[in-house]
């Protein structure tokens with residue numbers, strides 16, 4: 036893919052400008068000529084799925100993914116079944132919004148037993164695959180940084196994500212490469228290569244020192260230490276040429292005017308991705 | 036090793052009660068019957084090596100390790116050579132204080148090029164091995180949690196640490212297993228087993244959610260999600276029966292009376308390690 040087409044791959048992950056409603060985000064993408072959007076479910080919920088679909092369709096925006104399914108581990112079978120049901124709703128929403136990608140943040144353990152939690156993730160995905168397939172939606176396992184192993188996801192490496200995904204057809208289960216979560220991995224480039232044909236998304240932000248907040252501390256591309264451009268090229272060599280989501284979770288961006296943030300996102304994306 | 040001997044393995048890592056000078060720490064260990072201490076170099080510096088040695092020898096305390104060498108990557112050859120010199124001083128200090136274990140916190144990259152930084156770590160260790168051997172000191176590579184990859188160490192997994200260590204004799208280079216840094220690793224127990232004969236230390240603390248501070252957020256054993264006892268048994272199966280350092284870096288402990296902290300450390304150690 037030619038470098039001059041890079042901007043046509045820019046996707047606004049809605050959490051980056053969480054102060055915007057879905058309508059504001061759609062309007063922002065239109066006015067800033069951002070062709071893709073990644074939609075969060077709490078934003079869909081605010082106005083309903085029908086209205087969400089109408090906004091996006093009328094704007095002619097493409098949806099790169101829905102965030103997020105997952106959260107599989109739970110203390111009881113009943114709770115785990117409820118999580119599966121919720122994931123089915125997420126699959127339906129993804130299909131309705133015209134994306135084939137549901138991002139999975141797999142969830143933390145209900146207790147200290149992380150091995151069991153990891154098995155529950157595998158079981159949860161296994162239960163969802165046929166349902167997702169019926170809807171034409173792929174399950175995109177996003178490994179989260181190991182610092183989130185206790186509270187967000189017990190899937191923390193590309194190796195784990197690919198090991199699960201490889202049990203299925205590439206049209207069924209794949210992986211997300213988010214630079215913030217995996218940049219430190221000593222096996223990163225081997226793992227990106229291994230995921231060839233299964234990469235369902237590429238997310239960018241940056242890791243800046245010092246990090247004021249583990250969760251809301253992601254930086255604008257170029258402000259930190261991550262070799263974003265190198266990773267983008269590796270992901271392309273592994274066959275991924277789809278949308279690139281800017282997903283920066285940072286309170287200081289939420290406190291600013293959304294249009295200013297999106298302008299900066301575009302500049303930073305053009306320069307550092 | 037029998038469970039009733041566990042308390043004879045307790046080592047106070049000095050950083051846990053950083054408000055104490057070395058003299059206060061030595062006196063604290065004596066009065067609380069803690070048989071081991073891990074000494075930090077900034078504490079040695081305060082009173083000098085001779086006086087440090089005298090305090091420890093007079094008290095009859097055993098030193099489990101000196102913290103720390105490492106910090107190998109740097110932008111220029113001159114800077115890297117200075118780091119090597121400083122590591123030689125650390126080796127001399129370890130030998131003088133009667134421990135054969137120098138803990139290596141390997142250091143962050145000088146720029147975005149993490150691969151080169153990792154090579155510089157390998158080169159640095161390679162330069163140190165003969166010097167350390169002359170002093171009867173083993174280099175103990177401590178993998179640090181991936182969330183410290185940008186600012187403290189580019190060695191972030193047991194796999195990395197063992198891959199370097201295996202180039203040398205087990206009497207020359209080994210690894211530290213610190214529960215806080217490695218508990219999330221999907222390959223943890225295989226890696227502990229792989230490190231058989233090379234484990235030079237076992238450090239305990241806990242990971243509590245939410246984590247207020249990435250650096251100073253470690254919790255008392257039992258307060259978090261880490262399967263400490265399971266890891267201790269795995270480390271013992273891999274042949275390690277030496278001192279167990281309590282290394283809790285937490286501002287709230289530093290704000291308290293050191294004797295209260297040490298009392299709590301002992302109780303928590305007996306119950307959860």
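Residue numbers (our numbering), protein chains in the order written: chain A, 36 to 308; chain B, 36 to 308.
Note that CB positions come from ideal geometry on N, CA and C, so glycine has one too.
Classification of residue i by the beta-carbon crowding that lies within 10 angstroms, buried from 16 upward
| i | result |
| --- | --- |
| residue 273/B | buried |
| residue 43/A | exposed |
| residue 252/A | buried |
| residue 78/B | buried |
| residue 86/B | exposed |
| residue 187/A | buried |
| residue 202/A | exposed |
| residue 165/A | exposed |
| residue 128/A | buried |
| residue 40/B | exposed |
| residue 116/B | exposed |
Coil, strand or helix - residue i by DSSP
| i | result |
| --- | --- |
| residue 282/B | coil |
| residue 216/A | helix |
| residue 222/B | coil |
| residue 145/B | coil |
| residue 49/A | helix |
| residue 133/B | coil |
| residue 289/A | helix |
| residue 56/A | coil |
| residue 233/A | coil |
| residue 105/B | strand |
| residue 206/B | coil |
| residue 314/B | Any property of residue 314/B remains undetermined from this structure, which presents chain B solely from 36 to 308. |
| residue 159/A | helix |
| residue 273/A | coil |
| residue 173/A | strand |
| residue 240/B | coil |
| residue 139/A | strand |
| residue 74/B | strand |
| residue 254/B | strand |
| residue 248/A | coil |
| residue 263/A | helix |
C-beta neighbour in chain A for residue i, strict 8 Å
| i | result |
| --- | --- |
| residue 307/B | no |
| residue 244/B | yes |
| residue 262/B | yes |
| residue 285/B | no |
| residue 219/B | yes |
| residue 228/B | no |
| residue 195/B | yes |
| residue 288/B | no |
| residue 192/B | yes |
| residue 249/B | yes |
Short CB-CB distance (under 8 Å) between residue i and chain B
| i | result |
| --- | --- |
| residue 147/A | yes |
| residue 151/A | no |
| residue 311/A | Limits of chain A in this structure are 36 at one end and 308 at the other, which puts residue 311/A out of reach. |
| residue 42/A | no |
| residue 238/A | no |
| residue 186/A | yes |
| residue 181/A | yes |
| residue 294/A | no |
Reference residue i; option with closest CA among the options
| i | options | result |
| --- | --- | --- |
| residue 233/A | 150/A, 199/A, 219/A | 199/A |
| residue 99/A | 73/A, 83/A, 211/A | 73/A |
| residue 221/B | 257/A, 187/A, 271/A, 150/A | 150/A |
| residue 171/B | 180/B, 223/B, 195/B, 132/B | 132/B |
| residue 245/B | 138/A, 183/A, 286/A, 293/A | 183/A |
| residue 208/A | 61/A, 136/A, 189/A, 302/A | 136/A |
| residue 63/B | 91/B, 226/B, 105/B | 91/B |
| residue 108/B | 181/B, 128/B, 143/B, 45/B | 143/B |
| residue 148/B | 56/B, 134/B, 110/B, 117/B | 110/B |
| residue 101/A | 247/A, 308/A, 80/A | 80/A |
| residue 174/A | 146/A, 103/A, 266/A | 103/A |
| residue 189/A | 76/A, 145/A, 275/A, 65/A | 145/A |
| residue 181/B | 46/B, 217/B, 255/B | 217/B |
| residue 284/B | 248/B, 219/B, 106/B, 57/B | 248/B |
| residue 215/B | 231/B, 84/B, 254/B, 296/B | 254/B |
Presumed contact (8 Å Cβ cut-off) between residue i and residue j, rounded CB distance
| i | j | result |
| --- | --- | --- |
| residue 119/B | residue 162/B | 5 Å |
| residue 192/A | residue 178/A | 5 Å |
| residue 197/B | residue 153/B | So it is not a contact: roughly 14 Å between Cβ atoms. |
| residue 211/B | residue 239/B | No, residue 211/B and residue 239/B are not in contact; Cβ-Cβ is about 12 Å, not under 8 Å. |
| residue 138/A | residue 277/A | So it is not a contact: roughly 13 Å between Cβ atoms. |
| residue 226/B | residue 194/B | 6 Å |
| residue 293/A | residue 59/A | 6 Å |
| residue 282/A | residue 48/A | 4 Å |
| residue 257/A | residue 306/A | 6 Å |
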